[in-house]
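Heads up: take any position in the sequence shown, counting from 1, add 53, and you land on my numbering.
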Amino acid sequence: MTDTPPVGIIMGSTSDWPTMKEAADILDALGVAYETRIVSAHRTPDRLWDYGKTAADRGLRVIIAGAGGAAHLPGMMASKTRVPVVGVPIQTKALGGVDSLYSIVQMPRGFPVATMAIGAAGAANAGLMAAGILALSDPGLAARLDQWRADLSASIPEVPE
Ligand code: RP5
């Protein structure tokens, strides 16, 4: 339990990693520890079950879950644990990621998934969402997140370049 980081980044396939790495990069920049796992709702359902069943007791505080197509991973994970799940719809070749988005966003009452935008921006925002949740009880992280946001604002030019 002591070795468990606060954030779990899970994804349905290793092909999701280039997108999900955007979340990991944000957490790296903010000094938030995380673990990464391939957990597929369809290909490794037992792994999904075990991960969800043990998540809270292991000490995970936020789970970022990315999946594409028939993207059942975030919703199934939310059904298995009370640890907040942030869902990332992976962009797909066939339907552009709208399939992933629709698969993740319309959860039934009682089992929420905080659904982000499709693709890289959504994954980065999932990292920021996780950091924001953890910052509520971590003043050091709150200061780093405030600085990250201020730096982003300062980098936006006032006129087109
Ligand atoms: C989903 O199927 C994964 O999340 C991935 O986005 C998609 C395609 O997976 P691969 O065929 O690339 O392994 O389960």
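Even glycine gets a Cβ: it sits at the ideal position worked out from N, Cα and C. All of these numbers come straight from a predicted model, not from anything done at the bench.
With a threshold of 8 Å, the Cβ atom of glycine 61 does not count as near the ligand RP5, since no heavy atom of the ligand is closer than that.
When the beta-carbon positions are compared, valine 115 and glycine 61 come within less than 9 Å of each other.
Set against 8 Å, the gap from the CB of isoleucine 171 to the closest heavy atom of the ligand RP5 is not smaller. Note that the C-beta distance between glycine 119 and glycine 140 is below 9 Å. Contact between alanine 184 and valine 92 is absent: CB atoms are separated by about 22 Å, not below the 8 Å threshold. With a cut-off of 8 Å on Cβ pairs, the region 144-160 is not in contact with the region 194-209, counting fewer than three such pairs.
Taking non-hydrogen atoms of the ligand RP5 into account, the C-beta of arginine 96 is found less than 8 Å away from one of them.
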